[in-house]
Amino acid sequence: MNRWGWKSGVGLCLVVALLLTGCAGESSQGISNSAAPVNSGQPAKDDAPKLEPATLKWLLPGDKMKDSALVWKEFNKQLQAYLPNTTVEFEYVPSSEYKEKWQLIAASGEQVDIAWTGWLVSFTEEVNKGAYLALDDLIGKYGKDILGEVPEYVLDLGKVGGRTYSVPSYKDMVDLKIGMRTHKELAEKYWDYEKAEKVFFSREDRVLREEDYDILEGYMARLKEAGELRKGISDVNLYSMVLGINLGGQFSVLHEDETYTVNIRQETPGAKLYFDKMADWFAKGYVREDVLSNKNRRQDEGRVDGYTLWFQTNFKGQSEKETAVAGFPIEVIPVEKDWRISTLNASSATVIPRTAKHPERAMMLINLMNTERGKDLMNLLVHGIEGVHYNKIGENRIELLRGGDGAVNYRLDRFIPGNMLITYDTTSDLEGFSSYIKNEVNGTAIVHPLVGMKVDTGKISTELAQVNAIYSEYSGLALGALPNHEVLYKEMINKMYASGAEKVKRELQRQVDEYLKSKGIAVPAR
């Protein structure tokens, strides 16, 4: 049930008709004076305005491949039909080096017209430093197609203080919808499918209840009795279901809390119940004895002699995919029924740096990379040249071609340069994957009102660090392996408050309430 009555979806496309009057020359916009419509990305026509020559520099994370130069040449050739007299110089930087490279460029003032930002770079910090241009006016003039094709909640991820500084990549936007993995042969003998579905799907909130844990424990008890428990239950990802929407460090708002109250994540009733259950399961032998010293917590997932319960996301066809990877039959059982979107930041987005020489032309290209208008160019950039790097085997499905060494000669992650959902699916994807993500996953997800909120930690950075350090000291509670867990739990919470947790909660609550007001949402009484 969507308590906020807010489902994700793609808005109606806007009709784009821009008139350019009295504009400056290339030194300002690279567009000669004309009363003709501005070319915002459509293939060139006889009445399209003339664009002065411009070379855009585009910085992306990734590895230059054998045929990168070939693809870039073809990209620039085809680009002329959309943006005449426009050339793109691509620079790929290995992901491990991207943050450092970006910081050097930002400090030096080197020309970069388009750049990627995301999980490798602190978006809010860069905005606060003035490293990115505000894009609202540019989108209004040269990127209106984006407003019509990319959902509003996605665009909210690119905003700081109500202004737009990036165009987030439209892709699978949802949180992990947890599915339990187990050996199919064991599930058929010991899992109660009907009871589990009835219990799991009766839960309105995301946080696990006593009866949900009972389902999992009953399965483990039957496995243990039959001598089939093996390494038992993996702790990875199950904990995330009780933590809520992370505002920074150890502070969150629970997904279904209509008062939007900021909590210490570990202090909520759901988190306390999780700690209690893990301690109980460790004592009963359901959690591996070496869990505290086990450095690679996921190494025994998907192994015949490994975990018999482990948790990860659950898309359509997940059982078949897991089975193919593991080499033996895996059953993926849904633990929750709803897709949710609650992220505050875009994991992948495109920005125009303050060092851009051609910001208007850059926005025209960004418009192409994120809308149906530029689908062919986007596919060229991520998949390469048809007949050379892939063959089409369906309307929106391709098979990648490999060289003699079995490797592909060109590829770029689909979500890096723009809208992933306008690119071809490959044979490694679920049939109809992009349509499924757009319509059945993103399109049916419960979108939380806090999506896109940017937290300013400037006034509470010291306290956040102190609380984080305290949780690290007691993190074994989440594994169930610490003795006297009740005593240690109270000790942890008390230390957090002594280190300034209350100050953090007040400041974050103030920011949450301000963001809600900015979205026209009444702040409830608490």
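Take the position in the sequence shown, starting the count at 1, then add 2; the result is the number in the numbering used here. Glycine included, each C-beta is placed from N, C-alpha and C at the ideal position.
**OP:** Please say whether L370 and Y84 have beta carbons closer to each other than 8 angstroms?
**Re:** Remark: C-beta atoms of Y84 and L370 approach each other more closely than 8 angstroms.
Original post:
Based on the DSSP secondary-structure assignment, which residues constitute the bridge partners of Q314?
Top reply: By DSSP's assignment, Q314 forms a beta bridge with G181.
Original post:
Can you give the beta carbon distance from P361 to L62, rounded, assuming they're within the 8 angstroms contact cut?
Top reply: Between P361 and L62, the beta carbon gap of about 18 angstroms keeps them out of contact (Cβ cut-off 8 angstroms).
Original post:
From Y476 to K279, what distance separates their C-alpha atoms?
Top reply: Pairing Y476 with K279, the inter-Cα distance amounts to about 16 angstroms.
Original post:
Counting pairs of beta carbons, one from the region 281 to 290 and one from the region 234 to 242, are three or more of them closer than 8 angstroms?
Top reply: Judged by Cβ distances under 8 angstroms, the region 281 to 290 makes contact with the region 234 to 242, as three or more pairs qualify.
**OP:** Sort S350, T428, K297 and M422 by Cα distance to G120 and report the nearest one.
**Re:** Among S350, T428, K297 and M422, the Cα nearest to that of G120 is on S350.
Original post:
Just how far apart, CA to CA, sit I495 and A480?
Top reply: Cα-Cα distance, rounded: 14 angstroms.
Subject >> Counterpart residues of E93 in DSSP-defined beta bridges >> reply: According to DSSP, which records beta bridges pairwise, E93 is partnered with L61.
Original post:
What's the gap between the Cα of R528 and the Cα of K497?
Top reply: Taking the straight line joining both Cα atoms gives about 25 angstroms.
Original post:
Is the Cβ of L81 closer than 8 angstroms to any Cβ of chain D?
Top reply: The structure shown has no chain D; it contains just one protein chain.
Original post:
Helix, strand or coil: which one does DSSP assign to R512?
Top reply: Here R512 sits in helix by DSSP.
**OP:** Taking 8 angstroms as the cut-off, decide whether the C-beta atoms of W283 and G482 are in contact.
**Re:** W283 is a Cβ neighbour of G482, given a cutoff of 8 angstroms.
Subject >> Span separating the alpha-carbon of L490 from that of V337 >> reply: Straight-line spacing of the CA atoms in L490 and V337 works out to 29 angstroms.
Subject >> Beta-carbon proximity of V209 to G272, cut-off 8 angstroms >> reply: Going by C-beta atoms, V209 is nearer than 8 angstroms to G272.
Original post:
Straight-line CA distance for L58 to N78?
Top reply: Going from the Cα of L58 to the Cα of N78 covers about 11 angstroms.
**OP:** Give a yes or no on contact between the region 338 to 357 and the region 115 to 132, applying the rule of three or more CB pairs nearer than 8 angstroms.
**Re:** In short, these stretches touch, since the Cβ pair count reaches three.
Original post:
Given a threshold of 16 other Cβ atoms within 10 Å of its Cβ, counted over all protein chains shown, does F203 qualify as buried or as exposed?
Top reply: Exposed, because fewer than 16 other Cβ atoms sit within 10 Å of the Cβ of F203.
Subject >> Cβ contact check for the region 366 to 381 and the region 418 to 433: 3 or more pairs under 8 angstroms >> reply: With the cut-off at 8 angstroms, the region 366 to 381 and the region 418 to 433 touch.
Subject >> Cα-Cα separation, S295 to V390 >> reply: One C-alpha to the other measures close to 49 angstroms.
**OP:** Give the range of the alpha helix (DSSP H) segment to which R363 is assigned.
**Re:** Segment P361 to M371, the alpha helix (DSSP H) holding R363.
**OP:** Pick out the complete beta strand (DSSP E) segments inside the region 272 to 360, 3 residues or longer, and give them in chain order.
**Re:** Within the region 272 to 360, the beta strand (DSSP E) runs of at least 3 residues that lie entirely inside it are, in chain order, 312 to 315, 332 to 336 and 350 to 353.
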